[in-house]
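Numbering (the working numbering), first residue to last: 54 to 211.
Beta carbons: idealized from backbone N, C-alpha and C, even for Gly.
Treat the numbers as computed from the prediction; the structure is a model and nothing was measured.
Only one structure is covered here, and it is reproduced in the block below.
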Ligand code: FES
Ligand code: FES
């Protein structure tokens, strides 16, 4: 049954009307028009749909709407845009860390969660944080370099 839900997304309140079991990914893309969060597998296996919930990386295709009420949801749009990219977005551009690019928004959100919790991660920390994010193009080496570049460029500052 459709109900009204109050959400907090990218620092702003939103009201949506939907069934509580609706995946957060659908709400973000279809209701809030935040198209940066990608639909990949739709089954919790690829990480393309990764967003932050209270600073933790979560796969939004696997997250029911009801469960995010009272929590802070952040999407890739909250980090920056083409005119003013955030530290990770800038580093990925500078290191050209993408081929088709489909996986990259989810990877950046997983990396953002890591850097919020650990501003100076080791390579092993980065690899562990990205364990749930697949890249079919095999851009892994450049992804690692881009995250290291973001760490070196800005340290703990955002
Ligand atoms: S689309 Fe969510 S994990 Fe693949
Ligand atoms: S760059 Fe194509 S899937 Fe990762």
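Taking 8 Å as the cut-off, the Cβ atoms of residue 114 and residue 92 count as close. In the assembly as shown, residue 196 is a buried residue. Its beta-carbon has 16 or more other beta-carbons within 10 Å. With contacts defined as CB atoms closer than 8 Å, residue 56 and residue 89 fail to qualify as a contacting pair. Going by beta carbons, residue 139 and residue 102 fall outside the 8 Å limit. Residue side-chain check: residue 153 keeps its Cβ at 7 Å or more from all non-hydrogen atoms of ligand 1. Take residue 185, set aside five residues on each side of it, and the residues of its chain with a beta-carbon closer than 6 Å to its own are 100, in chain order. Ranking 86, 127, 70, 94 by CA distance to the CA of residue 187 puts 94 first. Contact between residue 174 and residue 204 is confirmed by a C-beta separation of about 7 Å, below the 8 Å threshold.
Looking at 61, 109, 67, the one whose alpha-carbon comes closest to that of residue 125 is 61.
In this structure, the alpha-carbon of residue 165 lies about 11 Å from that of residue 183.
In the same chain as residue 153, and ignoring 5 residues on each side of it, the C-beta atoms closer than 7 Å to its own belong to 190, in chain order. Within the same chain, Cβ atoms closer than 6 Å to the Cβ of residue 167 are found at 174, 182, the five residues on either side in sequence being excluded. Counted as a single uninterrupted DSSP element, the alpha helix (DSSP H) harbouring residue 158 occupies residues 157 to 170.
If you compare the alpha carbons of 137, 177, 112 with that of residue 127, the shortest gap goes to 112.
With a cutoff of 8 Å on beta-carbon distance, residue 199 and residue 148 are scored as near each other.
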